[in-house]
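Engineer: Encoded as structure tokens, here's the structure I'll be asking about.
Protein chains in written order, with our numbering: chain A, 5 to 203; chain B, 5 to 203.
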């Protein structure tokens with residue numbers, strides 16, 4: 005096993021994340037081999053395992069990396085509109101919803117069988133962490149707004165999860181149908197904002 | 005091809021629907037052969053095609069048959085509670101949601117890759133019909149309640165689709181997590197009922 009400097013380790017890790025993103029989107033988890041990934045990253049196949057325990061572990065790291073970019077946008081929106089919870093919640097829903105459609109790794113993971121593969125190969129604990137991440141982004145804002153009387157009472161974890169459910173709408177575009185999709189999206193966002201905030 | 009009496013045709017059709025349900029739930033669309041189905045129904049393999057054009061057509065017929073049972077329950081609830089839209093809508097959501105969990109053919113079709121297979125093999129028109137069925141069950145009730153001032157204004161097709169979206173919650177049980185699932189279900193039902201009905 006070659007010895008990498010810290011800087012080189014960071015570079016290779018980033019290259020594996022890039023290669024993972026490209027291959028998983030194009031070929032899926034099962035259609036991608038470790039060699040595909042190490043070739044793309046310019047390292048020997050055996051070296052893969054000094055960076056990630058498995059292909060699935062890289063998949064999760066890619067997902068987390070992409071999610072992190074969305075979380076940064078969401079955090080910014082919650083911060084910028086902290087004195088206007090209606091706008092903050094509406095923008096939060098818009099950004100979460102759009103991310104699902106615009107980033108193929110999310111669509112692929114959630115709608116295709118990738119999800120089942122990951123679920124069967126990762127521990128319940130690892131999956132629970134991914135879930136908690138999303139909720140924990142919203143909870144502190146909801147708590148602050150509840151203290152100020154701008155958001156309804158109730159467990160902020162439950163309110164956050166209900167809001168996040170609304171943001172899964174794009175996964176059901178086919179169920180809703182193109183004709184009504186835009187109006188249904190608007191309606192559900194209105195319901196969420198109106199029910200969570202107090203005028 | 006043997007000549008069937010009308011009664012025998014009905015029997016064989018029912019037997020194929022039963023066999024389809026059992027096999028599609030256990031083995032999926034791709035894991036089920038025409039012979040599995042005709043053996044179970046006690047007919048010759050070639051006879052299948054005098055009943056259904058394809059395995060996919062039988063799958064859709066099975067789905068419609070099971071949906072019909074749920075629709076009967078939903079129609080009854082809308083009728084029994086026609087003077088109490090809040091209860092009617094809440095019961096409608098409960099029954100739709102429970103059906104998704106309790107009947108494995110629905111879970112299998114919506115969460116697994118069956119959905120993609122069906123989408124690639126059926127015409128857009130055939131799929132649109134399935135969608136419209138669900139919505140059209142609710143729309144007349146919503147229209148009647150709108151006339152009586154018990155339901156908010158707006159395109160009843162959009163309101164119906166937004167309500168139906170709430171009923172897909174069980175498909176996202178893993179996203180929500182067991183800990184908060186029951187409370188999130190209650191919260192979303194409350195949002196829907198409160199936003200659709202006028203006190």
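The beta carbon of each residue, even a glycine, is placed where N, CA and C say it ideally should be.
Here the structure is a predicted model, which is why all the values come from computation and not from measurement.
How is the alpha helix (DSSP H) around residue 160(A) delimited, first residue to last?
Structural biologist: Taking the first chain and counting its residues from 1, the one referred to as residue 160(A) is at position 156. Per DSSP, residue 160(A) belongs to the alpha helix (DSSP H) from 160-170.
Engineer: Can you name the start and end residues of the alpha helix (DSSP H) that residue 174(A) belongs to?
Structural biologist: Residue 174(A) sits at position 170 when you count from the first residue of the first chain. Where residue 174(A) is concerned, there is no enclosing alpha helix (DSSP H), given that its DSSP letter is neither H nor E.
Engineer: Closer than 8 angstroms between beta carbons: that is the criterion. Which residues of the segment 161-173 of chain B meet it against chain A?
Structural biologist: So the list reads 161, 162, 163, 165, 166, 168, 169, 172 and 173, given in the order they occur along the chain.
Engineer: Can you check which of these residues, 174(B), 182(B), 166(B) and 178(B), is closest to residue 177(A) by C-alpha distance?
Structural biologist: As a first step, residue 177(A) is located in the first chain; it is residue number 173 there, counting from the start. Residue 177(A) has its Cα closest to that of 166(B), out of 174(B), 182(B), 166(B) and 178(B).
Engineer: Contact between the segment 145-152 of chain A and the segment 184-198 of chain A: three or more CB pairs below 8 angstroms?
Structural biologist: Not touching, per the Cβ criterion.
Engineer: If you reduce the DSSP assignment to three classes, tell me which class residue 201(B) lands in.
Structural biologist: Position 197 of the second chain, counted from the first residue, corresponds to residue 201(B). It is a strand residue.
Engineer: Quick one: Cα of residue 169(A) to Cα of residue 157(B), how far?
Structural biologist: Stepping through the first chain from its first residue, residue 169(A) is reached at position 165. Stepping through the second chain from its first residue, residue 157(B) is reached at position 153. Each residue's Cα considered, the two are about 25 angstroms apart.
Engineer: Would residue 107(A) and residue 70(A) qualify as a contact pair, given that the criterion is a beta-carbon distance under 8 angstroms?
Structural biologist: As a position in the first chain, residue 107(A) is number 103, starting the count at 1. As a position in the first chain, residue 70(A) is number 66, starting the count at 1. The answer is yes: Cβ separation under 8 angstroms.
Engineer: Does any CB atom of chain B fall closer than 8 angstroms to the CB of residue 195(A)?
Structural biologist: Along the first chain, one-based indexing puts residue 195(A) at 191. Yes - at least one Cβ of chain B is within 8 angstroms of the one on residue 195(A).
Engineer: When burial is assigned at 16 or more other CB atoms within 10 Å of the CB, is residue 124(B) buried or exposed?
Structural biologist: For the purposes of this step, residue 124(B) is taken as residue 120 along the second chain, with counting starting at 1. The residue is exposed, with fewer than 16 neighbouring Cβ atoms inside 10 Å.
Engineer: Per DSSP, what are the beta-bridge partners of residue 155(A) in this structure?
Structural biologist: Counted from its first residue, the first chain places residue 155(A) at position 151. In the DSSP output, where bridge partners are listed per residue, residue 155(A) has 201(A).
Engineer: Along chain B, in chain order, which residues have C-beta atoms closer than 7 angstroms to that of residue 192(A)?
Structural biologist: Along the first chain, one-based indexing puts residue 192(A) at 188. In chain order: 166 and 169.
Engineer: For residue 184(B), return the contacting residues in chain A, with the cut-off set at a CB-CB distance below 7 angstroms.
Structural biologist: Counting from 1 along the second chain, the entry for residue 184(B) is found at position 180. 161, 162 and 165, listed in chain order.
Engineer: Let me see if you follow: with CB-CB separation under 8 angstroms, is residue 140(B) close to chain A or not?
Structural biologist: The residue given as residue 140(B) occupies position 136 in the second chain. No, because no Cβ of chain A sits closer than 8 angstroms to the Cβ of residue 140(B).
Engineer: Drop a sphere of 10 angstroms on the beta-carbon of residue 84(B), count the other beta-carbons inside from all chains shown, and report buried for 16 or more, exposed for fewer.
Structural biologist: Numbered from its first residue, the second chain carries residue 84(B) at position 80. Exposed: under 16 other Cβ atoms inside 10 Å.
Engineer: Using beta carbons (cut-off 8 angstroms, strictly below), is residue 176(B) in contact with chain A?
Structural biologist: By 1-based counting over the second chain, the position of residue 176(B) is 172. Answer yes: the Cβ-Cβ gap between residue 176(B) and chain A drops below 8 angstroms somewhere.
Engineer: DSSP state of residue 72(A), grouped into three classes?
Structural biologist: Locating residue 72(A) in the first chain gives position 68, counting from the first residue. Three-state DSSP puts residue 72(A) in a helix.
Engineer: Quick check: is the beta carbon of residue 180(B) nearer than 8 angstroms to any beta carbon in chain A?
Structural biologist: For the purposes of this step, residue 180(B) is identified with residue 176 of the second chain, where counting begins at 1. Yes, contact with chain A.
Engineer: Helix or strand or just coil, what does DSSP make of residue 7(A)?
Structural biologist: Position 3 of the first chain, counted from the start, is the residue given in the question as residue 7(A). Residue state, collapsed to three classes: coil.
Engineer: Using a 10 Å radius around the Cβ and a threshold of 16 neighbouring Cβ atoms, would you call residue 189(B) buried or exposed?
Structural biologist: As a working note, residue 189(B) is residue 185 in the second chain. By the neighbour-count rule (16 or more Cβ atoms within 10 Å), residue 189(B) is buried.
Engineer: Relative to the C-alpha of residue 87(B), which residue among 155(B), 139(B) and 10(B) is closest?
Structural biologist: The count along the second chain starts at 1 and reaches residue 87(B) at position 83. The residue with the shortest Cα to Cα distance from residue 87(B) is 155(B).
Engineer: Return the CA-CA distance between residue 94(B) and residue 185(B), expressed in angstroms with no decimal places.
Structural biologist: Here the question's residue 94(B) lines up with position 90 in the second chain. Here the question's residue 185(B) lines up with position 181 in the second chain. Taking the straight line from one Cα to the other gives about 17 angstroms.
Engineer: Sorted by chain position, which residues of the same chain lie with C-beta nearer than 7 angstroms to residue 47(A)'s C-beta, five sequence neighbours on each side aside?
Structural biologist: Indexing the first chain from 1 puts residue 47(A) at position 43. Counting only Cβ-Cβ distances below 7 angstroms, and skipping sequence neighbours, we find 16.
Engineer: Taking the Cβ atom as the reference point for each residue, do residue 179(B) and residue 75(A) lie within a distance shorter than 8 angstroms?
Structural biologist: One-based indexing of the second chain puts residue 179(B) at position 175. One-based indexing of the first chain puts residue 75(A) at position 71. No.
Engineer: Would you tell me roughly how many angstroms separate the C-alpha atoms of residue 35(A) and residue 33(B), rounded to the nearest one?
Structural biologist: Here the question's residue 35(A) lines up with position 31 in the first chain. Here the question's residue 33(B) lines up with position 29 in the second chain. So the alpha carbons of these two residues sit roughly 22 angstroms apart.
Engineer: How far does the alpha helix (DSSP H) with residue 55(B) in it reach, from first residue to last?
Structural biologist: Position 51 of the second chain, counted from the first residue, corresponds to residue 55(B). Here residue 55(B) belongs to no alpha helix (DSSP H), and DSSP marks it neither H nor E.
Engineer: Are residue 101(B) and residue 174(B) touching if we call contact CB-CB under 8 angstroms?
Structural biologist: Residue numbering aside, residue 101(B) sits at position 97 when the second chain is read from its first letter. Residue numbering aside, residue 174(B) sits at position 170 when the second chain is read from its first letter. Taking 8 angstroms as the Cβ cut-off, residue 101(B) and residue 174(B) qualify as a contacting pair.
Engineer: Compare the Cα-Cα distances from residue 121(B) to each of 30(B), 59(B), 21(B) and 97(B) and report the closest residue.
Structural biologist: As a working mapping, residue 121(B) is identified with position 117 in the second chain. When each option's Cα is compared against that of residue 121(B), the closest is 59(B).
Engineer: Identify the continuous alpha helix (DSSP H) that holds residue 100(A) and give its terminal residues.
Structural biologist: Taking the first chain and counting its residues from 1, the one referred to as residue 100(A) is at position 96. It spans 89-106 - the alpha helix (DSSP H) in which residue 100(A) sits, taken as one unbroken run.
Engineer: Tell me which residue opens and which closes the alpha helix (DSSP H) that residue 44(A) is part of.
Structural biologist: Residue mapping note: residue 44(A) aligns to position 40 of the first chain, counting from 1. Taken as a continuous stretch (DSSP letters only), the alpha helix (DSSP H) holding residue 44(A) covers 38-45.
Engineer: Using the beta-carbon of each residue, which ones in chain A are nearer than 8 angstroms to residue 157(B)?
Structural biologist: Position 153 of the second chain, counted from the first residue, corresponds to residue 157(B). Chain A residues near residue 157(B): none, gap ~12 angstroms exceeds 8 angstroms.
Engineer: Output the distance between the C-alpha atoms of residue 49(A) and residue 63(A), rounded to the nearest integer angstrom.
Structural biologist: As a working mapping, residue 49(A) is identified with position 45 in the first chain. As a working mapping, residue 63(A) is identified with position 59 in the first chain. Between residue 49(A) and residue 63(A), the C-alpha separation is close to 17 angstroms.
Engineer: Of the choices 187(A), 110(A), 72(A) and 54(A), whose alpha-carbon is the least far from that of residue 26(A)?
Structural biologist: Position 22 of the first chain, counted from the start, is the residue given in the question as residue 26(A). For residue 26(A), the nearest C-alpha among the options comes from 110(A).
Engineer: Within 10 angstroms of its Cβ, does residue 39(B) collect 16 or more other Cβ (buried), or is it exposed?
Structural biologist: As a first step, residue 39(B) must be located in the second chain, where it is residue number 35. Residue 39(B) comes out exposed.
Engineer: Mind checking residue 140(A): buried by the 16 CB within 10 Å criterion, or exposed?
Structural biologist: The residue given as residue 140(A) occupies position 136 in the first chain. Exposed is the call here.
Engineer: Would you mind sorting residue 162(B) into buried or exposed? The rule is 16 or more other CB atoms within 10 Å of its CB.
Structural biologist: Counted from its first residue, the second chain places residue 162(B) at position 158. The residue in question, residue 162(B), is buried, as its Cβ has 16 or more Cβ neighbours within 10 Å.
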